[in-house]
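Numbering (the working numbering), first residue to last: -19 to 117. The beta-carbon is built from N, C-alpha and C at its ideal position, and this holds for glycine as well. Presented below is the structure to which this report refers.
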Amino acid sequence: MVDLTITAANVIAGSGASVAHGVGGAAITAGQALYLDGTDGKLKPADNDSATAAVRRVIGIALNGAANGQPLAYLTAGPITIGATLVAGAAYYLSDTPGGICPVADLTTGEYPVLLGLATSTTVLNVKIQEAGVALA
């Protein structure tokens, strides 16, 4: 399998979701997994095989697109219509493509698994971010 193909215009926070706001530090597309860059305080696409631990530490999923310096809303927990077709009941993880979301089958040796959430339907991901903190052996 491959990363989810997300239609950015269809990414919507669900009822009761936790939403935060920040500033984009790179070109961001709605539906990308984000980390907070401690050096400039901006949000950037997270990556599960980065050598830098902070880049693997997902804080949320972008709800809108943004360029460097533009305002950005992101979902930190709860339901999100992700704008892609999901397998209901399946777990979805941060991928090795910056900002990407993938099924567990796509994780490989040396990557750091970060669970983003579980699909509650074919369109909704219930986000509850969890880090393993270790690379897959």
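By the beta-carbon neighbour count (other beta carbons within 10 angstroms, threshold 16), A31 is exposed.
Note on geometry: alpha-carbon atoms of G11 and P93 lie some 18 angstroms from one another. Under the three-state reduction of DSSP, N48 is assigned to coil, being neither helix nor strand.
Bridge pairing for Y72: P83, G97 [DSSP].
DSSP, read as helix, strand or coil, puts A42 in strand. If you look at A0, you'll find it in the beta strand (DSSP E) that goes -2 to 3.
In this structure, the alpha-carbon of T(-15) lies about 29 angstroms from that of G18.
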